[in-house]
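A quick write-up on the structure given underneath.
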Amino acid sequence: MTTTSTPDSEDGAFRAAMAPTIEALGVLTTCIATAAGRHGNLPGPHSRAMVDLAYEETHSGDPRWQRPLSDAQTFGSMTLLAANDYAACYAQLFAGTRAPVFGHLVQVRAVLEACVVSAWLCDPKIDSTERTRRALCELLYSAKEIGRLRIEPEGDAATRLTLWKDVADALGWAVTWGAANKPTVDGASRPSVPAGIDQLLLDSGDAALGRVQWSYLSAVSHVTWYGLRQSFLGQPNEGGGLGPSIAPIGTESKAVNGQSLCLLRALRTAGEVRMTYMGWLDDEWKRAREQAVAHEVELLRRLMAARVDGPYAGVD
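Residues are numbered in my numbering as their position in the sequence shown, beginning at 1, plus a constant of 1160.
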């Protein structure tokens, strides 16, 4: 049998320890959520986003898709806002009297995936043509999923998918399909999430950290025993089961610090990509970014003090 236990949360110590993380996430998520409004919902005059919009006005594409770069900017915005919302929910999970056992890990997984996709869509270093390919990837992927899930009449779903395939053909771009119905448009495809996590956290793409994080968080989300058993406190890692003894289940501060570091750093990095692309690197963003970085350093210090050897070791 099992009992629920969160030893770090007794006498409010856990919530007090989480207060700086909740504050840093609150400042960062608020800054991201209000960024568009602070700038009149328009890109900065010298931004890459404004260059893309100017390109859209002067270059004719397929008449069935008249605003491809405007759409790309919308997709990048919505994916970051999704990540931002997940992160705000993560913070709220620790604002109560009971520490979550699994719920925060599901939120971290969602934040990381959304940040990877948003950074890919908002990359300020790519040109307008590549950004259009990436936007078309999103439209094809969405159309394919609508058809697969049968949430619209079959004929409507097929018509939409055919439309975006025809647009790709008209632009001279080959479309191929990979695993999980994900398309590749003339070489452009959604990035690997593990490699994307590494890019966000470590500025590298070999996926050493990303594979561990993604595997563990996916195991929790898909209720795989490997992921669920990590919450049993004080249990050895060897063996396939826990035996007949009473096993306390809970959330330890060192594990939460590690996941908080990953989440905060990923959101801050994806936010920086978006703000750079849109030309929104204002004073509010710089203050939120600096507070996030300062807290990341503190979380890393705590992890090093706790000698954590898990998937967060090596984040510097």
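The beta-carbon is built from N, C-alpha and C at its ideal position, and this holds for glycine as well.
Note that the coordinates shown come from a computational prediction; the quantities given were computed from them, not determined experimentally.
Coarse secondary structure for residue i, derived from DSSP in three states
i	result
His1455	helix
Pro1343	strand
Trp1333	coil
Ser1349	strand
Phe1235	helix
Phe1142	As displayed, the chain neither begins before 1161 nor continues past 1476, which places residue 1142 out of reach and without an answer.
Val1372	helix
Gln1252	helix
Trp1225	coil
Pro1404	The predicted model places Pro1404 with a pLDDT of 48, which falls under 50 and marks its position as unreliable, so this point remains unresolved.
Thr1292	helix
Val1211	helix
Gly1439	coil
Phe1262	coil
Thr1116	Because the chain is modelled from 1161 through 1476, residue 1116 falls outside the range shown and cannot be assessed.
Asp1200	Note that residue 1200 is Gly in the sequence shown, not Asp. Here Gly1200 sits in coil by DSSP.
Arg1310	coil
Val1268	helix
Val1475	Because Val1475 sits at a pLDDT of 43, beneath the cut-off of 50, its placement in the model cannot be relied upon, and the point is left open.
Gly1356	helix
Thr1411	coil
Gly1338	coil
Lys1304	helix
Within 8 Å, strictly: CB atoms of residue i and residue j
i	j	result
Leu1423	Tyr1250	yes
Ala1348	Cys1297	yes
Met1438	Ala1209	yes
Leu1272	Ile1357	yes
Leu1202	Ala1232	no
Thr1239	Ser1278	yes
Thr1189	Leu1229	no
His1199	Trp1440	yes
Arg1180	Glu1458	The question names Arg, yet the displayed sequence has Pro at residue 1180. Contact flag set, yes.
Val1372	Val1276	no
Ala1339	Trp1324	no
Leu1463	Gly1418	yes
Leu1360	Arg1425	yes
Phe1254	Ser1413	no
Arg1269	Leu1377	yes
His1306	Glu1312	Note on identity: in this sequence residue 1306 is Ile, with His being the wrong assignment. Contact flag set, yes.
Trp1333	Asp1346	yes
Rounded distance between the beta-carbons of residue j and residue i, thought under 8 Å
i	j	result
Leu1124	Gly1221	This structure gives no information on residue 1124, because the portion of the chain shown stretches from 1161 to 1476.
Ala1214	Tyr1246	Not really, about 33 Å apart at Cβ, beyond 8 Å.
Gly1431	Ile1192	5 Å
Thr1436	Pro1284	5 Å
Member of the options whose CA lies at the smallest distance from the CA of residue i
i	options	result
Leu1342	Arg1308, Asp1363, Gly1370 and Ser1413	In the sequence under discussion, the amino acid at residue 1342 is Lys, which differs from the Leu named in the question. Nearest option by C-alpha distance: Arg1308.
Thr1218	Thr1289, Thr1429, His1455 and Trp1337	Thr1289
Ala1196	Ala1452, Leu1241 and Trp1225	Leu1241
Thr1257	Gly1204, Leu1369, Trp1333 and Gly1172	Gly1172
Gly1236	Thr1336, Gly1186, Ala1248 and Leu1299	Leu1299
Residue i beta carbon near the ligand HEM (any heavy atom closer than 7 Å)
i	result
Thr1218	In the structure on display, the ligand HEM does not appear, and there are no ligands present to speak of.
* Okay, do the stretch 1378-1390 and the stretch 1254-1266 touch, 3+ Cβ pairs below 8 Å being the bar? -> Look at the beta carbons and you see the stretch 1378-1390 touching the stretch 1254-1266: at least three pairs across the two are nearer than 8 Å.
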